[in-house]
Amino acid sequence: MKKTIKNLPEIKANNSTNEIRNAVLKDISKINLSIYSHIQNKSNIVEGSMDTKEFYNNVALKVISRIAIKNKIFEIIVDKSKSKKERAVFNSMVTDEINKVKSFIEIKITHLDSKNSPALQAVDFISWAIFRKYEKKDTTFYDIIKGRIVSEINE
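Structure follows, in C-alpha cells:
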C-alpha cells in the first residue's frame, strides 16, 4: 500500500477510494484467516423486541457460536463503542456462550478504539464488502475476499 495510506490514523471502507478498497481487501485475502459472516435482515426483527445494542450482541453471539475453537485461548477484539457497563454485559454474554461449548479455554475480550487497531480497520473493509453484496447487489469487493469466508448466514 502507498506510504501515505499507512501513515493515516484510521482508514475506513466507506470513505476510501476504490483503489484503496481493492488494495486493502487484496492484502486481507492473502492473510491466513477465516471470515464468519452473519447477515441479519432488520425487517425480520419484531419492532420493539430489542434495542440496538442488544441486537448487535445477539448477532455477535450467533457468529461466535459457529466458530470452531481449536486453541486453548480464544481472543476477541471488539470496537470500543459500548459504555463500560455495556462492555461488561457483552463480555459476560460471550464468555457464557463459549463456555457452553469449551469451558476449559481462556477467553480474552479486548475493546479497542478502531483508530488503534489495524485488525478492526480490516474488519471494517470486510464488513463493507459483504454489505455491498447484500445491499447494493455489487459483488466486486466481496469477490476479493470470498475465498476466506468459511461461514455466511443470511437471515
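Plus 296 on top of the position in the sequence shown (first one is 1) and you've got this note's numbering. We treat Cβ as the ideally placed atom computed from N, Cα and C, and that holds for glycine. Computed from a predicted model, the values in this text were never measured in an experiment.
Residue i: first and last residue of the uninterrupted beta strand (DSSP E) it sits in
{"i": "Phe-370", "result": "369-375"}
{"i": "Lys-404", "result": "402-408"}
{"i": "Ser-333", "result": "331-335"}
For residue i, three-class secondary structure by DSSP
{"i": "Ile-466", "result": "Outside the displayed span of the chain (297 to 451) sits residue 466, for which this structure offers no information."}
{"i": "Ile-449", "result": "strand"}
{"i": "Glu-306", "result": "coil"}
{"i": "Thr-348", "result": "helix"}
{"i": "Lys-433", "result": "coil"}
Same chain, Cβ closer than 7 Å to residue i, five either side skipped, listed in chain order
{"i": "Lys-322", "result": "Ile-440"}
{"i": "Ser-325", "result": "Ile-440, Ile-441, Gly-443, Arg-444"}
N-terminal and C-terminal residue of the alpha helix (DSSP H) that residue i is part of
{"i": "Asn-395", "result": "380-397"}
{"i": "Arg-362", "result": "Segment: none, Arg-362 is in no alpha helix (DSSP H) and carries neither H nor E."}
{"i": "Asn-412", "result": "Note, Asn-412: premise wrong, no alpha helix (DSSP H); not H, not E."}
{"i": "Asn-318", "result": "314-325"}
CB of residue i within 8 Å of CB of residue j, strictly
{"i": "Ser-410", "j": "Glu-306", "result": "yes"}
{"i": "Phe-427", "j": "Arg-317", "result": "no"}
{"i": "Lys-368", "j": "Glu-402", "result": "yes"}
{"i": "Ala-457", "j": "Trp-424", "result": "Because the chain is modelled from 297 through 451, residue 457 falls outside the range shown and cannot be assessed."}
{"i": "Val-446", "j": "Tyr-332", "result": "yes"}
{"i": "Ile-372", "j": "Ile-405", "result": "yes"}
Other residues of its chain near residue i: CB distance less than 8 Å, five sequence neighbours each side excluded
{"i": "Val-397", "result": "Ser-361, Ile-365"}
{"i": "Tyr-430", "result": "Ile-335, Asn-450"}
Contacts around residue i, its chain only, beta-carbon distance under 6 Å, and the 5 residues preceding and following it disregarded
{"i": "His-407", "result": "Val-374, Lys-376, Arg-383"}
Any contact of the segment 378-385 with the segment 412-429, i.e. 3+ C-beta pairs under 8 Å? Contact between the segment 378-385 and the segment 412-429 is absent, because fewer than three Cβ pairs lie under 8 Å.
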